[in-house]
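Here is the structure we will look at.
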Amino acid sequence: MFKRFLSYFIPINIYKRNSGISTTLEVTWNNGQLVLDSKRTNYSYGSLQRILRKGLQYIGFERIRAFENILVLGVAGGSVIKTLVNEIQFKGKITGVELDPEVIEIANTYFGLADTPGATIVNDDAFEFVLKTKEKYDLIIIDIFQDTVMPNFLFEEFFINRINFLLNVNGFILFNTMTLSKKDKERNEAYRSCFNKNYSVRMYPKVEDHNELFTIKKLG
354 MFKRFLSYFI PINIYKRNSG ISTTLEVTWN NGQLVLDSKR TNYSYGSLQR ILRKGLQYIG
414 FERIRAFENI LVLGVAGGSV IKTLVNEIQF KGKITGVELD PEVIEIANTY FGLADTPGAT
474 IVNDDAFEFV LKTKEKYDLI IIDIFQDTVM PNFLFEEFFI NRINFLLNVN GFILFNTMTL
534 SKKDKERNEA YRSCFNKNYS VRMYPKVEDH NELFTIKKLG
């Protein structure tokens, strides 16, 4: 607990390893909280948890509690799953998909993700998973980064259409994006235009320094 106390004054790193997928991974006590970071950005807890919590607030905690099936693409340390279970009191099924097995190991060891009720973590590529799954979801959370880079497939028509197919009517997509350049902002505008009148799309810029959130509701 001394390290936790000391972290209110300076960050205290307690674990570091290299990953072939996520580059550098670090677990650090920061302001009394354990966080998971990559080389250049926060992966779980810390600012990322604040970002996704805001997105869930935009959708509405009471509405989320009534959902039955949630898909999380990009788990990292599991902070959004912890928010769903511990803060929102979601009692349904959560499936988390994470590409990097080393991230899953860290999430289980340092953040207790394996002990989270109702949550199943799958080590798989998000693109491959959404092609294979037979289930439909009330909420799909997309939070996929390799350090600060977002894979191109997230913004391609085929993937967007597949996600839309997996979403139940009156369900939501919560998509966390990073905008570091003018090109990124143009990419997000193009993404927004991919949804027709059957969807209600809202974009929340500057949720943190470089993050833009989308909430997308399927109307019919």
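Residue numbers (the working numbering): 354 to 573. Built from N, CA and C at the ideal position, the CB exists for glycine as well.
Give every residue of the same chain whose Cβ lies closer than 8 Å to the Cβ of G345, excluding the five residues on either side of it in the sequence, and list them in chain order.
What the structure shows of the chain is the stretch from 354 to 573, and residue 345 is not part of that stretch, so it cannot be assessed.
Since F464 contacts G430 with CB under 8 Å, what's their CB separation in whole angstroms?
Yes, they are in contact, since the Cβ atoms of F464 and G430 sit about 5 Å apart, within 8 Å.
Whose C-alpha, out of F567, K407 and Y361, is nearest the C-alpha of G385?
Y361
Would you check if there are 3 or more beta carbon pairs closer than 8 Å linking the segment 450-468 to the segment 364-372?
yes
I434 vs N564 beta-carbon contact at 9 Å
no
Completely contained alpha helix (DSSP H) runs for the segment 441-526, where each covers 4 or more residues
454-464, 479-485 and 510-519
Residues of its chain near N521, where Cβ-Cβ distance is below 6 Å and the 5 sequence neighbours each way are ignored
These residues qualify, in order along the chain: K489 and D491.
Just to confirm, are F525 and T568 a CB contact at a threshold of 9 Å?
yes
From G449 to D477, what distance separates their C-alpha atoms?
10 Å
Between E421 and G413, what straight-line distance do the alpha-carbon atoms span, to the nearest angstrom?
15 Å
Extent of the continuous alpha helix (DSSP H) run through F358:
Note, F358: alpha helix (DSSP H), F355 to L359.
Determine the DSSP secondary structure at L572, reduced to helix, strand or coil.
coil
Whose C-beta lies closer than 8 Å to the C-beta of K356 among residues of the same chain, with five residues either side of it excluded?
Apart from the 5 residues on each side of it in sequence, K356 sits with its Cβ closer than 8 Å to the Cβ of I365, I367 and W382 in its chain, given in chain order.
Using C-beta distances below 7 Å, list every residue in its chain close to T532, excluding the 5 sequence neighbours before and after it, in chain order.
K538, N541, H563 and E565
Once DSSP output is grouped into helix, strand and coil, what is the label at I417?
helix
Who are the near neighbours of D329 in its chain, counting only those whose CB is closer than 6 Å to its CB and skipping five residues on each side?
This structure gives no information on residue 329, because the portion of the chain shown stretches from 354 to 573.
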